[in-house]
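In mature numbering (1 follows the signal peptide of the UniProt record, and there is no 0), the protein residues as written are -19 to -1, 1 to 667. Worksheet: one structure, shown below.
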Amino acid sequence: MWVKLCCLLLYFLALFVLARVFEAVAWYESGFLATQLVDPVALSFRKLRTILECRGLGHSGLPEKKDVRELVEKSGDLMEGELYSALKEEEASDSVSSTNFSGEMHFYELVEDTKDGIWLVQVIANNRSPLVGKVHWEKMVKKVSRFGIRTGTFNCSSDPRYCRRRGWLKSTLIMSVPQTSTSKGKVMLKEYSGRKIEVEHIFKWITAHAASRIKTIYNSEHLKEEWNKSDQYRVKIYLFANLDQPPAFFSALSVKFTGRVEFIFVNVENWDNKSYMAEIGIYKTPSYILRTPEGIYRYGNNTGEFISLRAMDSFLRSLQPEVNDLFVLSLVLVNLMAWMDLFITQGATIKRFVVLISTLGTYNSLLIISWLPVLGFLQLPYLDSFYEYSLKLFRYSNTTTLASWVRADWMFYSSHPALFLSTYLGHGLLIDYFEKKRRRNNNTDEVNANNLEWLSSLWDWYTSYLFHPIASFQHFPFDSDWDEDPDLFLERLAFPDLWLHPLIPTDYIKNLPMWRFKCLGVHSDEEMLETLQDSESDSDSENKEVFSSEKEVSEDDDLSAFHSRSEGEPRCGAETCSCASKYCHHEPYERKARSYGSYSTAGDMEPDWSAWPSEMLHCTECVVCLENFANGCLLMGLPCGHVFHQNCIMMWLAGGRHCCPVCRWASYKKKQPYTHPQPLSSDTPS
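Laid out in structure tokens, this is it:
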């Protein structure tokens, strides 16, 4: 999880740097930055009209370019970034969808029960034509959708009883606006009563009703009273402008942030005395002033703070977020982090997607489960102070220059989703390359495994948990249920292939005992040389004995193949201990314990058997590689009591041979511990 989180943070850092590179390239090619102000005098009439439409100001009665330019200047400063976004939005020919209501319940659920937005619905009466034609309605939908106003069509033929109850006997336009200034208040439905069925007139009717919800101040005394008033709203945004009514984007935001932010329009058109404005720090108009308990913030001075609905919406969301905003943000971050598993996981393609689906399900489940207590705690009354301190922290952090850069980058990448996805894919491929390079030396099979091999291993793992004891849930040594339950044994007999090729989880290997081989003394060089010669001759004779006995067992080919692979591999690199060189002979198992534990020569030093686990048989040679144990080498024992080099027996078990190389006892199955016989006086080393 931490690896994926670090990868996600690196991706966000790369996006931040890439955005700065784009700004530098744009400045080099065009000579201006996105925050640079634009002189409206230098713009064409078409561009000025586009800016007014994006801000939501009517210009139908202004035929002259001078009048249009003055209206742009009165509504706020124009930046290069806002001009670029407005022109791109106008060039985009994406059709905006409109909802078709199927009946009363559908209309109530979307329109009357939605208390934080504006709806424009065209009602078509029975056997009547619509009030607005299809072409004009499409233009209307595209115009109002810029300001977050949703549209729909209600055909009374689908529910004539509801239309009669509402009094919709002729085709008309219905607008729904929240009636109160509290969150989740009542919704008020207004019917269009104008005579001119034109897009501009209908839009003026919409903006007039939306602006009526905003508190308007017309004189300095009223401003002084409102500025010093303390009420439920902790955050207020003032628009000081010389306009008849606030822009449509400002009115739409007042509906969207109902109960969170109070919007106030200060009309300074006929003010003679502006001394109080100077006292509170307002020296120019138009100005967008955010007033919080922490102080005053002038909107429009930092990067990305444009006079548009989208820019101001992201700004206010960062200052006064809802719980739903935080949940959506956490959901996006968690899923972006989970998708990193597609590139971090190595191996077959199917394996990557299986791990990805598992990670997505796990992360989203944990996210939802963790949000449930948070929502419950937020309902408690004594957590109001904690909630206020959290919002204060949001306001402090999101009015910084760094936060304005982050908001500007968010708007840029969200308006270019192809760029966002391509950079995410490129970042993931880089992670995949470095992760594959890191794992190539450690596990070649995992990196180069194909889909069929991985599916085969997945099936082996699945069937091993169906037909074998689950070793991962038990600690070695454990008692097998097959010894007590004959039904499991009978079920196993029904699958002869599974009987011949057991599918055992390898989790038990980590619980096998390991220790280091030690001797009680150090031998001279002559004794060590003699011991090595004796062990070499004994190994040759014993090797023949091992191969002859292994032919009587069914897996002699696997063992000989292992010997051929291990010829050139180094054993333990410690100094060889010239302890007794007698080792286990492949005799019947009743006599094997004695010979396996025998050790004695007249001049040899005795191994330190106190370091051995009590249930392990004493031995000085590994029968897998046919080499003596060296002083300080790492040993591993099996449940049957036989001891081997740790590296040798690990390779033996990893090859699928889950049994002892000597006695064929199951390596995952517990056995009664062997009791060492008391050594005879003649066997005691001198």
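All residues carry an ideal CB built from backbone N, CA and C; glycine is no exception.
Beta-carbon proximity of Thr284 to Ala15, cut-off 9 Å: Yes.
Identified DSSP bridge partners for Thr153: In the DSSP output, where bridge partners are listed per residue, Thr153 has Val104.
Assigned secondary structure, Pro588 (DSSP; H/G/I helix, E/B strand, else coil): Strand.
C-alpha gap between Met321 and Ser396, whole angstroms: For the pair Met321 and Ser396, the Cα-to-Cα distance works out to about 23 Å.
Three-state class that DSSP yields for Leu(-5) in the structure shown: Correct three-state label for Leu(-5): helix.
Per-residue burial, Tyr370 [other beta carbons within 10 Å of its own, 16 or more giving buried]: Counting Cβ neighbours within 10 Å, Tyr370 comes out exposed, since fewer than 16 surround it.
Phe367 classed as buried or exposed, judged by whether at least 16 other C-beta atoms fall within 10 angstroms: By the 10 Å Cβ count, Phe367 comes out exposed.
Runs of alpha helix (DSSP H) wholly within the region 32 to 61 (minimum 4 residues, chain order): Here the runs fully enclosed are 46 to 56.
Counted within 10 angstroms of its Cβ, other Cβ atoms place Leu616 as buried (16 or more) or exposed: Buried, since its Cβ has 16 or more Cβ neighbours within 10 Å.
Best match in Pro362, Val315, Leu359 and Leu361 for proximity to Leu347 [C-alpha to C-alpha]: Of the listed residues, the one whose Cα sits closest to Leu347 is Val315.
Collapsed DSSP secondary structure at Pro362 in the structure displayed: Three-state DSSP puts Pro362 in a helix.
Candidates His623, Arg497 and His626: closest to Pro588 by CA position: Ranking His623, Arg497 and His626 by Cα distance to Pro588 puts Arg497 first.
Validate contact between the region 152 to 160 and the region 181 to 200 using beta carbons, cut 8 Å, 3 pairs: The region 152 to 160 is in contact with the region 181 to 200.
Separation of His40 from Arg27, as counted between CA atoms: Using only the alpha carbons, I get a separation of about 12 Å.
Residue(s) in a DSSP beta bridge with Val168: For Val168, which the question treats as bridged, DSSP gives the partners Pro159.
Tyr269 beta carbon near the ligand PLP (any heavy atom closer than 8 Å): The model depicted lacks the ligand PLP and carries no ligand whatsoever.
Cys640 (DSSP reduced to helix, strand or coil): Of the three classes helix, strand and coil, the one that applies to Cys640 here is strand, per DSSP.
CB of Ser232 within 9 Å of CB of Ile195, strictly: Less than 9 Å separates the beta-carbon of Ser232 from that of Ile195.
Under 9 Å between C-beta atoms of Ile325 and Asp413: Yes, Cβ-Cβ distance for Ile325 and Asp413 is below 9 Å.
Assumed close pair Asp48, Val236 - CB separation to whole angstroms, cut-off 8 Å: Contact flag wrong, Cβ pair sits at about 29 Å.
Anticipated Cβ contact below 8 Å, His626 with Cys603, distance rounded: Between His626 and Cys603, the beta carbon gap of about 4 Å places them in contact (Cβ cut-off 8 Å).
Helix, strand or coil at Asn209 [DSSP, three-state]: Residue state for Asn209 is assigned as coil, using DSSP reduced to three classes.
Distance between beta carbons of Val53 and His117, contact taken as under 8 Å: Wrong, their Cβ atoms sit about 26 Å apart, outside the cutoff.
Residue interval of the beta strand (DSSP E) (run including Lys237): Premise fails: Lys237 lies in the alpha helix (DSSP H), Ala229 to Lys237, not in any beta strand (DSSP E).
The alpha helix (DSSP H) enclosing Thr382, as first and last residue numbers: For Thr382, the uninterrupted alpha helix (DSSP H) segment begins and ends at Thr382 to Ser396.
Residue from Gly637, Lys651, Gly636 and Leu493 with nearest C-alpha to Val624: Selected option, being the one with the closest Cα: Leu493.
Residue interval of the beta strand (DSSP E) (run including Thr134): Residues Arg131 to Asn136.
Gly276 - DSSP class collapsed to helix/strand/coil: Strand at Gly276.
Cβ separation of Val242 and Ile218, assumed to be a contact under 8 Å, to the nearest whole Å: Their Cβ separation, rounded to whole angstroms, is 6 Å, which keeps Val242 and Ile218 in contact under 8 Å.
Span of the beta strand (DSSP E), counted from its first residue to its last, around Met495: Boundaries of the beta strand (DSSP E) around Met495: Met495 to Arg497.
Asp390, buried or exposed, once every other Cβ within 10 Å from all chains shown has been counted against 16: By the neighbour-count criterion, in which 16 or more other beta carbons inside 10 Å mark a residue as buried, Asp390 falls on the buried side.
Whole-angstrom distance between Arg1 and Arg176, CA atom to CA atom: C-alpha separation (whole angstroms): 52 Å.
Check whether Tyr394 and Leu(-10) have beta carbons under 9 Å apart: No; because the gap between Cβ atoms is not below 9 Å, this pair is not in contact.
8 Å contact criterion, which Ile288 and Ser56 should meet: CB distance rounded: Confirmed, Cβ separation roughly 7 Å.
Proximal residues to Ile263 (C-beta, below 7 Å), its chain only, five neighbours per side dropped: Result list for Ile263: Phe221 and Ile270, in chain order.
Beta-ladder partner(s) of Ser139, from DSSP: Among the bridge pairs identified by DSSP, Ser139 is matched with none.
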